[in-house]
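Notes for the one structure printed next.
Structure (structure tokens):
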């Protein structure tokens with residue numbers, strides 16, 4: 003009689019089987035691994051966005067500096083220039099990972115009295131990245 007009671011009590015007992023527990027644990031482990039992989043990807047993308055933003059700021063800074071120079075300044079003569087402070091940090095000081103260079107186009111390019119200034123900033127993390135900004139500057143005389 004005792005045995006029959008135990009059997010019926012055990013038969014109607016509620017709970018999880020070993021198979022259900024293993025399946026739930028496996029599902030949770032997969033979800034956590036996916037979350038960890040996504041976190042790594044987000045961190046990499048955030049760092050890449052920070053570097054791109056810093057490179058754009060460095061290019062814009064040099065472009066504005068060149069555009070604010072007096073007409074006929076030696077730095078606006080046609081040629082290829084490399085920043086003497088290379089490699090640069092994001093704030094423009096020496097000792098970083100960014101390389102800044104600029105090209106001042108030949109005379110009267112694209113139009114009479116104008117020169118094109120193209121500033122390029124490059125950096126390398128897992129691969130080489132480059133950002134380029136361009137603008138026009140006036141020559142001291144028309145035509146240049």
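Numbering (our numbering), first residue to last: 3 to 146. The beta-carbon is built from N, C-alpha and C at its ideal position, and this holds for glycine as well.
Hey, out of the options, whose CA is closest to residue i's CA?
{"i": "residue 60", "options": "136, 140, 141", "result": "136"}
{"i": "residue 90", "options": "113, 58, 35", "result": "58"}
{"i": "residue 79", "options": "122, 21, 68, 47", "result": "68"}
{"i": "residue 131", "options": "97, 87, 50", "result": "50"}
{"i": "residue 129", "options": "21, 46, 63", "result": "46"}
{"i": "residue 126", "options": "65, 53, 19", "result": "53"}
{"i": "residue 121", "options": "26, 22, 17, 65", "result": "65"}
{"i": "residue 109", "options": "134, 141, 42, 97", "result": "141"}
{"i": "residue 74", "options": "62, 44, 115, 38", "result": "115"}
Identify whether residue i lies in helix, strand or coil by the three-state DSSP scheme.
{"i": "residue 69", "result": "helix"}
{"i": "residue 18", "result": "coil"}
{"i": "residue 99", "result": "coil"}
{"i": "residue 128", "result": "coil"}
{"i": "residue 107", "result": "coil"}
{"i": "residue 114", "result": "coil"}
{"i": "residue 92", "result": "coil"}
{"i": "residue 136", "result": "strand"}
Since residue i and residue j are thought to touch, with beta carbons under 8 Å apart, how far apart are those beta carbons, to the nearest angstrom?
{"i": "residue 123", "j": "residue 100", "result": "6 Å"}
{"i": "residue 117", "j": "residue 139", "result": "5 Å"}
{"i": "residue 56", "j": "residue 92", "result": "4 Å"}
With burial defined as no fewer than 16 other Cβ atoms inside 10 Å of the residue's Cβ, what is the status of residue i: buried or exposed?
{"i": "residue 95", "result": "exposed"}
{"i": "residue 106", "result": "buried"}
{"i": "residue 133", "result": "buried"}
Regarding residue i and the ligand COA, is the C-beta to nearest heavy atom distance less than 7 Å?
{"i": "residue 28", "result": "Of the ligands one can find in the structure shown there are none, so the ligand COA has no counterpart to examine."}
Subject >> Entirely enclosed beta strand (DSSP E) segments - the stretch 34–89, minimum 3 residues >> reply: 81–84, all fully within the stretch 34–89.
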